[in-house]
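One structure is given below, encoded as structure tokens.
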Amino acid sequence: MDTTQRTDQERSADRRRRELLEAADRVVLRDGPQASMNAIAAEAGITKPILYRHFGDKGGLYAALAQRHTDALLDSLRAALDAPAERRERVEATLDTYLSAIEARPQVYRFLMHPAEGGHPGDQGFDVGKHSAPLLRRMGEELGKVIEDRLDLGPDSHRLARVWGHGIVGMMHAAGDWWLGERPCTRAELVRSLADLLWGRLAAAGDKVGGPGF
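Number 206 in the working numbering belongs to position 166 of the sequence shown; there are no gaps in the numbering.
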């Protein structure tokens, strides 16, 4: 098989995978954590074995959807951090970006973070902790890199930036999960309260020399 033919086949496979993920997204938006492999296959107009051929099982499909949505969320968070505004405004904008994302698509959020709320017999063996924890860890590592690139945290900056990154993601996740379920205050009030909690140390840290600034 020559290179051109192989490349065409790879493009076709990538396009088909995107189409299946878009079908899965539509089902998740409708059904949330109860989205089943049967429903996703039906939405895509294929049989369940074909869906398994592309993703293996619900865990494989979950991982692909998690990467898709996490990529998009991280892009939005980076854009908020890069906005031409004062640091406090950008901190609040970043928090609001995360909260507005889970508010806009709560079914997707629940599928990614609370998939065990489903429970279809055909989807047995799906371990919520095994799949959702790496998603949060990835976000924590990415935010840690951003902090290290932008802030001067002293001689132990790499370790401290990772601590901050994972700590902030954990705070956003826990507070956002509670807020989405109970709605005890407006999103703007939650953003201000979380920013107040973070602000003391963030305000004191200087920008890293040669970095893009925070």
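Built from N, CA and C at the ideal position, the CB exists for glycine as well.
query	result
Could you check how far apart the C-beta atoms of L69 and A81 are, in whole angstroms? I think they sit under 8 Å.	Contact flag wrong, Cβ pair sits at about 17 Å.
Does the region 202-215 touch the region 175-185, meaning 3 or more C-beta pairs lie closer than 8 Å?	yes
What residue from T137, G210, R93, N78 has the CA that sits closest to R232's CA?	T137
Under 8 Å by Cβ, that's how I've got P110 and R178 pegged, so tell me the actual separation to the nearest angstrom.	Checking the displayed sequence, the identity of residue 110 turns out to be Thr instead of Pro. Yes, they are in contact, since the Cβ atoms of T110 and R178 sit about 6 Å apart, within 8 Å.
Are the beta-carbon atoms belonging to G251 and D196 less than 7 Å from one another?	no
Looking only at its own chain, which residues have a Cβ that is under 7 Å from the Cβ of R108, when we skip the five neighbours before and after it?	L61
Quick one, which of P73, W239, R227, T134 has its alpha-carbon nearest A120's?	T134
Could you tell me which of G221, R130, D192 sits nearest to Q147, measuring between CA atoms?	G221
Restricting to runs no shorter than 4 residues, where is the alpha helix (DSSP H) found entirely within the region 73-155?	77-84, 88-95, 98-122, 127-144, 146-153
Considering only residues of the region 172-206, which uninterrupted alpha helix (DSSP H) runs meet the minimum length of 4 residues and lie entirely inside it, listed in chain order?	none
Would you kindly work out how many angstroms separate the C-alpha atoms of I142 and G194, rounded to a whole number?	34 Å
Tell me the residue span of the alpha helix (DSSP H) that contains A228.	227-244
Going by Cα to Cα distance, which pick from D71, S116, A84, R57 is closest to G100?	R57
With contact counted as at least three CB pairs below 8 Å, one residue from each stretch, are the region 120-131 and the region 237-250 in contact?	yes
Please go through the same chain and pick out, in chain order, the residues whose beta-carbon is closer than 6 Å to the beta-carbon of Q164, but skip the five residues on each side of it.	For Q164, the predicted model reports a pLDDT of 47, less than 50, meaning its position is unreliable; a value from the coordinates is still stated below. Excluding residues within five positions, none has a Cβ falling inside 6 Å.
Can you round the beta-carbon distance between V209 and G180 to whole angstroms, since I take them to be within the 8 Å contact cut?	4 Å
Measuring CB to CB, does G96 end up less than 7 Å from F151?	no
One question on the structure: do L139 and R223 come within less than 7 Å of each other, judged by their Cβ atoms?	no
If we ignore side chains and look at the alpha-carbon of each, how far apart do Q49 and R55 end up?	10 Å
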